[in-house]
Amino acid sequence: MRLLVVTALASVAGVFSSPGSARADGPHIPTEEVLNNWKRLDDADRVSRHYHVARSALHSKSPPLQVTVCIRPDRWLYKTKYQETAANFCRCPSYSFLIWQEPNKPGWVLRGFEGPPADTTQTSLEEATKLSPLRRPLGTLFTVAHNDGKQAPTLYEISQSPTFRVTRVTPKGGALDQVEFEYAGTTGVLLTDRSRSSLVIQSSVRGGTNTPGSIPWFADMKRREVEPGPDGRTPFRCRLIEVIVGNIGDPPDQHNHKLYEFTDYSDAPVPDEVFTLSHYGLPEPVGVAAPKRVPNTVWFLLAAAGCGVAAAGLRYAARRRSSPA
Amino acid sequence: MMRFLVVCAALASLGLFGWAAYSYERDRSRPAVPPVVAVEQPERDLGDYPVGTSQIVFRVTNPTDHAAEVVNTQAGCGIGCCLKPTAAGRIAVPPGGHTDVVCEVTVIEPKEFEYTGDMYLNDNGLRVVKLAIRGRGVAAGAGPPQP
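Protein chains in written order, with the numbering used here: chain Z, 144 to 468; chain V, 5 to 151.
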């Protein structure tokens, strides 16, 4: 069983030493600097931009899935084309939808719709599309499925969980560190690069052994290649990711071996409309009902009572004026 | 002059009371919830149901005075069964009328089955209606007549 995961965390001893950990072999916690590095990568993945991804299955004759990813901090859109069928998935603060357009058929067909998502991460529709790794190319930690159902959380998201802990850090020469961790019934090894914001350049995660009867699985990211980014907010851009996932014990030809190639990065703004259903000729959701107003009857009754009081007051005043002192 | 004002105020008060009564009666006779496009029996227990492929129909009624449409019915598989509309895409539902959405149900094996999915309606805006079918698969010919 080979594999190692690599880490680019700041200096090993210093970086992962836990202030509260007295034992040399005890659990360590990433230092603030490493967490900040992972957060920086997470933030870089959320910068508004769009790019193209070709996702190919190695050892398969099928053509690659072509995807254009449009990212905003609070929404994203995948425009995919496989052979002649187009499918778009969009996630906005107000709703998520999945639409298809089949060849020789006019218009888009709504295949899935969900209301406002409960959190800012993945919806079940996005999970179904298996596209989520495409929008977090720098920070994604490849897994098969965590307890929360997310297929590709980011390392920073995982590191915020109370169940996440680094168990060992081993310098691997240069700026590379091997980081071993545990999280929610999974274990993993990362190879990180301290000189590039603690970027994970290889990872190997194992899970499925925490409950009886579950099938042990693995997710090995063989390589993540990056290139320099355009500015400080985006220090790097992902160029390529190669990953193999499968069940431990299955023959290699049953493993899922994928290559993601990222190209055509652009910071040009994406119009707001592309994130809406109406842009694709579909109805927008029924709006929230207006708050219940005071019935007109109440206002008429109040006015009538006012007039009645005024009439009584005037009559009383008239009597006082007409009666002798 | 004062007498004139008193009479005017009293008449206004009476008129407003009358208008309040009319307004109350009108609001009371108006339906509390405006009619909406609806799916008849969106959740169904099919009981003992033959293994294999058959059809079920979801009737969509439109009691409103505006045109509506079925935007799509979600196809998919659940536990031991699959559901797929025979015609994907949009189907008009005229005002005051109805339309039938025919779906193909495939029960895979003789055991409990269940599927839940969505039907998307355009009722002056997108609305989602939950569909559910459940039952117990039985060998073909052993169950009740196919609907």
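Where a beta carbon is used, it is the ideal one built from N, C-alpha and C, also for glycine.
- A distance below 7 Å between beta-carbons, with the five flanking residues on each side excluded, links N66 of chain V to the following residues of its chain, in chain order: V41, A72, V97, P98, P99, G100, G101, H102.
- Scanning Z:P276, Z:E368, Z:R234, Z:Y326 for the CA closest to the CA of T310 of chain Z turns up Z:Y326.
- Residues of chain V with a Cβ closer than 7 Å to the Cβ of R458 of chain Z are, in chain order, V10.
- Not a single CB atom of chain Z sits nearer than 7 Å to the CB of A42 of chain V.
- Between the C-alpha atoms of L184 of chain Z and L342 of chain Z there is a straight-line separation of about 8 Å.
- As summarised for the segment 176-246 of chain Z, the continuous beta strand (DSSP E) elements at least 3 residues long and confined to that stretch are 192-200, 208-215, 218-225, 228-234, 239-244, given in chain order.
- Assigned with DSSP and collapsed to three states, D396 of chain Z falls in helix.
- Shown here, M5 of chain V sits in coil according to DSSP, grouped into three states, outside any helix or strand.
- If you compare the alpha carbons of V:Y28, V:Q78, V:A13 with that of V132 of chain V, the shortest gap goes to V:Q78.
- Judged by DSSP secondary structure, I83 of chain V falls outside any alpha helix (DSSP H); it is assigned neither H nor E.
- Taking 9 Å as the Cβ-Cβ cut-off, the segment 200-229 of chain Z has no residue approaching chain V.
- When the Cα atoms are used, E118 of chain V and D363 of chain Z turn out to be separated by approximately 35 Å.
- By the neighbour-count criterion, in which a residue is buried when 16 or more other Cβ atoms sit within 10 angstroms of its Cβ, G22 of chain V is exposed.
- Interface annotation, V196 of chain Z: not in contact with chain V, CB-CB separation never under 7 Å.
- Per the coordinates, the alpha-carbon of Q303 of chain Z lies some 26 Å from the alpha-carbon of L383 of chain Z.
- Excluding its 5 nearest sequence neighbours in each direction, R198 of chain Z has C-beta neighbours in its own chain below 7 Å: P207, L208, V210, K401, Y403, listed in chain order.
- Take I344 of chain Z, set aside five residues on each side of it, and the residues of its chain with a beta-carbon closer than 6 Å to its own are V149, L334, D336, R367, in chain order.
- Taken through DSSP and simplified to helix, strand or coil, S465 of chain Z comes out as helix.
- By the neighbour-count criterion, in which a residue is buried when 16 or more other Cβ atoms sit within 10 angstroms of its Cβ, P426 of chain Z is buried.
- W442 of chain Z carries a helical assignment under DSSP once its states are collapsed to helix, strand and coil.
- The shortest C-alpha to C-alpha distance from G351 of chain Z to any of Z:H195, Z:V413, Z:E176, Z:V287 is the one to Z:V287.
- Scanning chain V for C-beta atoms nearer than 7 Å to the C-beta of C235 of chain Z yields nothing, as the closest lies near 14 Å away.
- Any Cβ of chain V closer than 7 Å to the Cβ of A318 of chain Z would place that residue at the interface, and such an atom is absent.
- By the 16-neighbour rule on beta-carbons within 10 angstroms, N247 of chain Z is exposed.
- Beta-bridge annotation (DSSP): K88 of chain V is paired with V:E108.
- For N439 of chain Z, at least one C-beta of chain V is nearer than 7 Å to its own C-beta.
- In the three-state scheme derived from DSSP, where H, G and I count as helix and E and B as strand, V452 of chain Z is classed as helix.
- For L268 of chain Z, no Cβ of chain V is located within less than 7 Å of the residue's own Cβ.
- For A411 of chain Z, the number of other beta carbons within 10 angstroms of its own is below 16, and it is reported as exposed.
- In this structure, the beta-carbon distance from N399 of chain Z to I358 of chain Z does not fall below 7 Å.
- In this model, H422 of chain Z and W251 of chain Z are separated by some 10 Å (Cα to Cα).
- Annotated three-state conformation of T103 of chain V is strand, per DSSP.
- Excluding its 5 nearest sequence neighbours in each direction, R376 of chain Z has C-beta neighbours in its own chain below 8 Å: D186, A187, V190, listed in chain order.
- The beta carbon of D407 of chain Z lies closer than 7 Å to those of Y194, H195 in the same chain, with the five residues before and after it left out.
- Any Cβ of chain Z closer than 7 Å to the Cβ of G121 of chain V would place that residue at the interface, and such an atom is absent.
- Sequence-ordered contacts of the segment 245-258 of chain Z with chain V read E245, K248, G250, V252, L253, R254, G255, F256, E257, G258 [C-beta pairs closer than 9 Å].
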